[in-house]
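Peer 1: The opening residue of the sequence shown carries number 1 in UniProt numbering; numbering runs sequentially from there. Below is a structure I'd like to ask you about.
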Amino acid sequence: MLPMEFPRDQHFAIQVPPLFDATPTSLKEDAERLIATTFATWDSVVSEIQPEHATFDNTIVPIFQDENARSAKRRVLCFYASTHPSKDMRDASNAVATLFNDAEIESFSRQDMFLRVDEVMRQQERRISSSLDAESLYYLQKLHRRFHQNGCAIAEQEKRSDFKAKMKRLDDLVRHCNMGFHEESSGIWLRPDELDGVPQWHIDRLKPGEGENSSYLWLPTKSPFSGPALSCATREGTRKRMYYAVQNRLSKNALLFREIVLLRDETARTLGYPNHATLKTADKMMQTPQAVEKLLSDLRRAVTPLAVQDSQELQEMKREEAEARGAEVHELYFWDVSYYSRQRDDKDASLKSSVSEYFELNTTLAKLLDMIEHLFGARFRKIDVKGRAVGESALVWHKDVEMYSVWDVDGSKEEFLGYAYLDFFPRDGKYTHRGCYSLQQAYQKTNGSRFYPSAALVMNYAPPSDSRPTLLGLWGARKLFHELGHVLHSLFTQTKFAALNVVDRDFVEAPSRMLERFFWVERHIKEVSFHYSHISSSMKEAWKSTIEDRHRSRDLSEKPVQLGDDIVRDLARSTEADAMENELTSLFFATYDMLVHTPASHTELENLNLTELFNKTRSDIFKVSGGEALGEGWEWSHGQTTFRNILNRYDAGYYSYILGSAFALDMFDTGFKKDTTSPEAGRRYRDMVLRVGGRQPEMKTLTDYLGHAPSPGPYIAWLQGARDQRTQPNASERSHAPQ
């Protein structure tokens with residue numbers, strides 16, 4: 001196929017982008033063809049090369065060349081499951097993922113190939129063959145480890161077969177749980193009066209019922225809809241119903257979740273590890289569960305006083321509100337937290353300026369992309385997907401998706417980096433959280449040229465309406481920059497091997513968390529802010545039409561274009577509170593993650609009530625009660641079934657969010673603290689961190705960039721200092737950025 005042609009204002013791209021023209025039938029056929037090619041490649045190596053004659057060139061090179069070519073197609077075929085509007089396509093894509101995963105287990109369970117790879121590994125250890133370059137050796141080490149983790153070192157054939165069956169079952173269970181996340185469409189019916197306090201613009205988005213539900217509105221559990229209800233509904237009964245619906249929306253997955261945890265423990269013990277966490281951390285930066293537990297213990301000491309203070313503050317607000325109404329005073333529950341937190345924040349002067357209105361999605365995105373170009377030399381050029389196609393093939397998977405070609409504009413000649421896709425709004429069957437998908441990974445082709453990557457950013461913002469655009473707030477702008485950081489990491493990475501595009505799980509969040517810290521800096525908060533009423537005359541009319549619906553203001557005077565310096569100062573200060581509250585949430589999830597993956601014995605895990613443990617751990621860390629305080633027992637909700645990270649590659653690894661914050665502080669202070677606008681600092685970070693990808697141990701990448709060995713200690717100390725300042729008796733009034 002010829003390279004794609006762009007309009008005159010676009011540079012000619014040297015690589016055709018992935019095309020989204022598949023059918024359920026073609027998905028299956030393409031997957032089977034790729035799998036057959038891999039099997040044939042491996043069979044050829046085994047038949048032609050005896051173990052004692054195996055070398056890197058005759059054994060490893062065919063493996064990674066096939067792997068590189070397969071990676072250019074496999075991820076796209078599996079991506080349909082998370083985003084395609086057609087359920088038939090999503091189901092077919094899920095079935096394809098099963099084919100690929102089963103084939104991978106079969107391949108890496110092959111003793112015959114393991115013997116050959118093991119011989120190559122031993123040659124390097126004994127230095128009896130020509131030494132490899134560092135990247136090739138690192139790839140070989142990771143490849144060898146994959147065979148071990150798939151049971152090739154298990155001596156007994158029957159035991160190996162049982163292990164392989166359990167690994168396939170694990171993949172199948174995770175896939176079924178993910179299908180539940182994507183297909184989930186639960187919600188509750190509410191009368192309009194039960195939504196008192198919820199902004200009218202939000203109520204206007206709700207679907208009215210028919211027949212027996214004609215006097216009700218449908219409130220989905222998806223966060224763009226449930227979030228405003230939990231934070232604004234004045235009736236506690238409404239908030240409670242919504243919270244229960246959110247927490248229990250996937251309760252049918254409870255048994256699947258339990259089986260996943262048990263199988264992980266079984267397979268880890270079969271490989272000789274004492275538990276799943278030991279297996280998962282063995283080749284990571286933290287190396288042992290004990291190191292992770294120390295990190296969590298240190299963090300808990302730092303943020304527990306914050307949890308106590310927050311709980312007491314919100315409880316007092318609930319008491320005052322109840323007494324003002326002459327109602328009975330109840331304790332603080334989880335479904336109260338968002339509501340009273342918003343009320344507390346509404347007392348803050350910064351919110352009186354309607355901060356969220358200064359971060360409209362499209363305007364904010366444009367400013368963030370300008371920052372990226374200035375700092376890192378990456379220019380995003382939007383492609384007209386409606387007017388362009390390759391033959392009959394679609395460039396995107398849904399009409400709302402934006403597509404960009406991305407260019408390195410550092411030198412005298414621009415160089416192509418790859419393609420980026422932005423899928424911002426929720427729809428039925430779509431992945432319900434936020435994340436970056438690497439659709440195609442970079443690698444070096446056999447002729448020495450580069451295969452260019454593609455990455456998709458999948459979000460779930462409240463879609464715009466005629467009367468209201470999509471508003472992010474400062475928190476949302478910060479998170480968008482975070483996710484764009486993952487896209488940059490995917491596009492800048494330059495490796496010989498597609499498999500080494502990916503960094504280890506406990507480093508993957510650090511680069512993006514570092515980008516978040518730019519929005520702890522006053523000048524960047526101000527520069528990105530832009531009140532949406534100044535975007536266009538229609539936007540100004542839309543803004544005016546919403547004012548009457550607000551309880552806090554009827555001021556129709558023109559708003560400043562950008563946030564004022566005093567507001568920006570308050571917002572920058574508020575980031576310390578945000579950081580501690582975010583770490584409190586991370587502490588809870590990471591603690592639960594480690595508890596279920598570090599049982600003293602398999603019998604102990606079998607006897608563990610995973611639902612009760614989830615709810616007890618949450619109450620203990622947040623110092624807030626749930627349904628157990630109402631006599632409903634500790635199984636009042638099944639929140640663990642909504643913990644998608646523990647199912648998807650963050651198992652025994654959720655602590656990486658905390659570690660990422662620690663490394664982010666160190667990287668930011670080292671590279672950008674003196675000047676957050678320095679292109680030289682941005683390029684150094686790009687070249688020493690982003691371009692490296694996973695082609696070397698992450699600890700080396702980090703140490704090379706920092707000039708010293710990294711440690712979470714300074715971040716914990718910073719948290720403790722910020723905590724002490726906030727919790728001292730004469731501390732100034734708290735300031736919070738809007739959520």
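All C-beta atoms, glycine included, are put in the ideal place defined by N, C-alpha and C. Here the structure is a predicted model, which means the values were calculated and not measured.
1. Rounding to the nearest angstrom, what Cα-Cα distance links residue 494 and residue 718 in this structure?
2. Alpha carbon to alpha carbon, how far is residue 596 from residue 605?
3. With DSSP as the reference, label residue 408 as helix, strand or coil.
4. So, using beta-carbon positions, are residue 145 and residue 94 closer together than 8 Å?
5. Could you check where the beta strand (DSSP E) with residue 436 kicks off and where it finishes?
6. Per the DSSP calculation, residue 403 is bridged to which residue(s)?
7. Given a cut-off of 8 Å, decide if residue 77 and residue 30 are closer than it, judged by their beta-carbon atoms.
8. Compare the beta carbon distance of residue 621 and residue 591 with 8 Å and say whether it is the shorter of the two.
9. What is the rounded straight-line gap between the Cα of residue 588 and the Cα of residue 475?
10. Suppose the cutoff is 8 Å on Cβ atoms and the five residues either side in sequence are ignored; what does the same chain contact list for residue 432 look like?
11. According to DSSP, is residue 456 part of a helix, a strand, or is it coil?
12. Taking all protein chains shown into account, do 16 or more other C-beta atoms lie within 10 angstroms of the C-beta of residue 707, making it buried, or fewer, making it exposed?
13. Look at the Cβ atom of residue 231, then the Cβ atom of residue 358, and state whether they are nearer than 8 Å.
14. What's the gap between the Cα of residue 34 and the Cα of residue 442?
15. What residue from 39, 244, 355, 419 has the CA that sits closest to residue 100's CA?
16. Please return the same chain residues whose Cβ sits closer than 8 Å to the Cβ of residue 44, not counting the five positions on each side in sequence.
17. In chain order, what residues of the same chain have a beta carbon less than 8 Å from the beta carbon of residue 296, not counting five sequence neighbours either side?
18. With a 10 Å radius around its C-beta and 16 neighbouring C-beta atoms as the bar for buried, classify residue 557 as buried or exposed.
19. Count the other CB atoms, across all protein chains shown, that sit within 10 Å of the CB of residue 326; report buried if there are 16 or more and exposed otherwise.
20. What is the rounded straight-line gap between the Cα of residue 86 and the Cα of residue 401?
21. Do residue 143 and residue 60 count as a contact pair if the criterion is CB distance below 8 Å?
22. Is it a yes or a no for the segment 502–510 touching the segment 447–462, going by three-plus beta-carbon pairs under 8 Å?
23. Report the CB separation of residue 563 from residue 529 in whole angstroms; it is logged as a contact under 8 Å.
24. Under 8 Å by Cβ, that's how I've got residue 465 and residue 201 pegged, so tell me the actual separation to the nearest angstrom.
25. Check whether the Cβ atoms of residue 17 and residue 490 sit closer than 8 Å, and answer yes or no.
26. So who's on the other strand from residue 415, going by DSSP bridges?
27. Three-state secondary structure (DSSP) at residue 33?
28. Quick one: using the 10 Å Cβ neighbour count with 16 as the cut-off for buried, is residue 374 buried or exposed?
29. For residue 328, which three-state DSSP category applies?
30. Taking DSSP as the reference, what is the three-state secondary structure of residue 527?
31. Buried or exposed: residue 159, going by 16 or more other Cβ atoms within 10 Å of its Cβ?
32. Starting from the Cα of residue 665, find the closest Cα among 22, 650, 716, 698 and give me that residue.
33. For residue 120, which residues of its own chain have a beta-carbon under 7 Å away from its beta-carbon, when the five flanking residues on both sides are left out?
34. Taking only the alpha-carbon atoms, compute the straight-line gap between residue 410 and residue 377 and give it to the nearest angstrom.
35. Output yes or no for whether 8 Å exceeds the beta carbon distance between residue 213 and residue 189.
36. Which stretch, first to last residue, makes up the alpha helix (DSSP H) that contains residue 263?
Peer 2: Inspection of the coordinates gives the following:
1. Spanning the two alpha carbons is a distance of roughly 34 Å.
2. Approximately 7 Å, taken between the alpha carbons.
3. Strand.
4. Contact: no.
5. Here the beta strand (DSSP E) through residue 436 covers 435–440.
6. Beta-bridge pairing links residue 403 to 383, 421.
7. When the beta-carbon positions are compared, residue 30 and residue 77 come within less than 8 Å of each other.
8. Yes.
9. Answer to the nearest angstrom: the Cα atoms are 20 Å apart.
10. If you ignore the 5 residues before and after residue 432, its C-beta comes within less than 8 Å of the C-beta of 181, 182, 184, 222, 223, 426, 460, all in its own chain and listed in chain order.
11. The three-state secondary structure of residue 456, taken from DSSP, is strand.
12. With fewer than 16 Cβ atoms within 10 Å of its Cβ, residue 707 is classed as exposed.
13. Remark: C-beta atoms of residue 231 and residue 358 do not approach each other more closely than 8 Å.
14. Here the alpha carbons of residue 442 and residue 34 stand approximately 18 Å from one another.
15. Of 39, 244, 355, 419, the residue nearest in Cα terms is 39.
16. Result list for residue 44: 62, in chain order.
17. 587, 590, 591, 594, 655, 658.
18. So residue 557 counts as exposed.
19. Per the 10 Å Cβ criterion, exposed.
20. Computed Cα separation, rounded: 15 Å.
21. In contact: residue 60 and residue 143 (Cβ atoms closer than 8 Å).
22. Because the criterion of three Cβ pairs below 8 Å is not met, the segment 502–510 and the segment 447–462 do not touch.
23. 4 Å between Cβ atoms; contact.
24. With a Cβ gap of about 7 Å, residue 465 and residue 201 count as contacting.
25. By the CB criterion at 8 Å, residue 17 and residue 490 fall outside the cutoff.
26. Residue 415 is bridged to 408.
27. Looking at residue 33 - three-state DSSP - the assignment turns out to be helix.
28. Exposed, because fewer than 16 other Cβ atoms sit within 10 Å of the Cβ of residue 374.
29. In the structure shown, residue 328 sits in coil (DSSP, three-state: anything other than H, G, I, E or B).
30. DSSP places residue 527 in helix when its eight states are reduced to three.
31. Around the beta carbon of residue 159, a 10 Å sphere encloses fewer than 16 other beta carbons of the protein chains shown; the residue is thus reported as exposed.
32. Answer by Cα proximity: 716.
33. The beta carbon of residue 120 lies closer than 7 Å to those of 54, 55, 56, 59, 60, 140 in the same chain, with the five residues before and after it left out.
34. Rounded to whole angstroms, residue 410 to residue 377 spans 5 Å at the Cα level.
35. At the C-beta level, residue 213 and residue 189 come within 8 Å of one another.
36. Its alpha helix (DSSP H) spans residues 254–270.
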